[in-house]
Amino acid sequence: MKEAWEEFRKVNKFNLREKEIVRRLFRDGEVFLRVFVDRVEGLVKIRFIRASRIREPVDKSFKNASFGIKTDPDDIETPIEYYRCGDDGRWLETIPAGEMIHLKILSDADQKRGISIYRVCAKRLRQYEEWLEDRITLNKVRSAIALIRKVPSFGAKIKDIRDESASSRYGSGKARVKTPHRGTIITASKGIEYEMLSAKINAPDVAEDGRAILLAVAAAVGFPEMILTANYSNANYASTLVAQNPFVREIEDWQDYLSSFYKELYERVIEAKKEAGKLPMNVKADCKVDFPPMITAELEKMAKAYEVLFKYKVLSKKTWRGKMGLDDDIESVNLQNEEQDEVYGPPMPSGHPNQYPGGSPGAGGGRFAMPVAPVNQYGAATGDFYELMRQLVEALQENNMDRIIEIGEKLDNLEHGMREIIEKVENSENR
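According to our numbering, the sequence shown holds residues 2 to 432 in order.
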């Protein structure tokens, strides 16, 4: 099954295609993927169809069809077929619903088409662009006149003084006043004054107006201000952590939405292989979709929590690697190679002869220290152990990483106490 999925990813260049799926989904509000199946080899290929091509044909009409999609007359959520048209709107072909995967966002279940994410912020984006254009135009006007020369004369005399300062680089009728270069020293005649003008752009007066527009855009799309504008001047470390939390939840919500797409696609890939005889018919096409953590702090917390779960045999190595985004087969081979190299490598740290780095003293061989079996042969209380294990499973079901780490520390303390009791009993018997 894994080989079938990897083959599908390679043939469809899925590492790039899945990024384009998300881009089209947010840009157009929907994605149409046509599914092609090789019945002999069981190979599945997917290809994009532009959303603008799925529409009502101008040269044909279909019953119970609208927006290019025909649905069940009694259930609008059940599509029957899609109509692909050319650029001129004429009908090209009818595609059965079984050959199409249609993703749509920001729309109700009984709506046939999706809505672009730009719909909620398009007006504000246009206003921000106009605001920038207005500021640029205003700044050009305010900075057009840089110097005023005051001459106590009238009429023809002023014209003569102006012509003396005119540049000779231009033809008749296009003379311009020479602009002083850097470091120019002006010797003013009696009665002539020079006044330097300030641009008076007053940018701080309207800076908040532009920021208010950007904040409206950020609120519409669910992005923190610093991520949308790449400007962290209005954020400190504490406010950044607070702002990223709802943003992370927003992204996780989109991941949850896309996980159903991955499950459907995986099922189609496996079912195609089964129908072609490449996989046994009793193979289940179910899968679980896990996305890697978005925040480094959460990654560290998850790693520690999974270590606790693995140590107390609640979690397997394979699941742990999958949760951390690692390939189990590759890591197993790498570990085997490392273990072979360690045969000729440096000796293990002091302690137990087979103790691995990070293992507890007295623990058996293995890369991770396993807990002492809670046998009550020395009078050690095991009720607390089983209660903590029950709480550990509950915390895993709730996906509460902080609680898992907390229970793991209690289990370690309990294990340490049990070892001390065992050592005392053994020492007393030896005496």
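From the three backbone atoms N, C-alpha and C, an ideal C-beta is built for every residue, glycine too.
What are the partner residues of residue i, as DSSP defines its beta bridges?
| i | result |
| --- | --- |
| L44 | D39 |
| Y263 | Beta-bridge pairing links Y263 to no other residue. |
| E196 | I149 |
| F49 | L34 |
| I214 | Its beta-bridge partners do not exist; DSSP assigns none. |
| I228 | In DSSP, I228 forms no bridge with anything. |
| E94 | R85 |
Once DSSP output is grouped into helix, strand and coil, what is the label at residue i?
| i | result |
| --- | --- |
| H182 | coil |
| F386 | helix |
| P350 | Confidence is the limiting factor: at P350 the pLDDT is only 45, short of 50, which leaves the residue's position unreliable, though a coordinate-based value still follows. Here P350 sits in coil by DSSP. |
| Q378 | Reliability fails at Q378, whose pLDDT of 45 lies under 50, so the model's placement of it is uncertain and the value that follows must be treated cautiously. In the structure shown, Q378 sits in a helix (DSSP, three-state: H, G or I). |
| F68 | coil |
| Y84 | strand |
| M325 | coil |
| M101 | strand |
| L107 | coil |
| N338 | helix |
| E57 | coil |
| E399 | coil |
| I252 | helix |
| E427 | helix |
| E19 | helix |
| D75 | coil |
| M282 | coil |
| Q392 | helix |
| K314 | coil |
| K274 | helix |
| D287 | coil |
| I116 | coil |
| F27 | helix |
| P293 | coil |
| Y233 | coil |
| D135 | helix |
| M2 | coil |
| K141 | helix |
| F63 | coil |
| N13 | coil |
| G365 | Caution is warranted here: a pLDDT of 43 is assigned to G365, below 50, making its placement in the model unreliable, and no coordinate value can be reported. |
| G418 | helix |
| G409 | helix |
| K191 | coil |
Tell whether a beta-carbon distance below 7 Å holds between residue i and residue j.
| i | j | result |
| --- | --- | --- |
| K312 | D291 | no |
| V309 | G409 | yes |
| A273 | V38 | yes |
| V32 | L107 | no |
| G223 | E251 | yes |
| I412 | L397 | A quick correction: the sequence has Leu, not Ile, at residue 412. No. Outside cutoff. |
| Y83 | P58 | no |
| A304 | I406 | no |
| D329 | K319 | yes |
| E78 | V36 | no |
| E209 | A219 | no |
| K302 | M402 | yes |
| R336 | D385 | A quick correction: the sequence has Leu, not Arg, at residue 336. No. |
| G30 | S117 | yes |
| A286 | E268 | yes |
| P1 | A98 | Residue 1 lies beyond the stretch modelled for the chain, which goes from 2 to 432, so this question has no answer here. |
| L34 | I96 | no |
| Y129 | I214 | yes |
| I70 | K113 | yes |
| V270 | F9 | yes |
| Y119 | R150 | no |
- Task: Count the C-beta pairs between the stretch 50-61 and the stretch 133-150 that are closer than 8 Å, then say yes if the count reaches three, no if not.
- Result: Output reads no: the stretch 133-150 does not touch the stretch 50-61.
- Would you check if the stretch 81-92 and the stretch 114-126 touch, i.e. whether three or more CB-CB distances between them fall below 8 Å? At 8 Å Cβ cutoff, the stretches do not touch.
- Query: Is the stretch 59-74 close to the stretch 36-45, with three or more CB pairs under 8 Å?
  - Reply: Contact fails: fewer than three Cβ-Cβ distances are below 8 Å.
- Query: Three or more C-beta pairs closer than 8 Å, one from the stretch 11-18 and one from the stretch 279-291: is that the case here?
  - Reply: Under the Cβ criterion (8 Å, minimum of three pairs), the stretch 11-18 does not count as touching the stretch 279-291.
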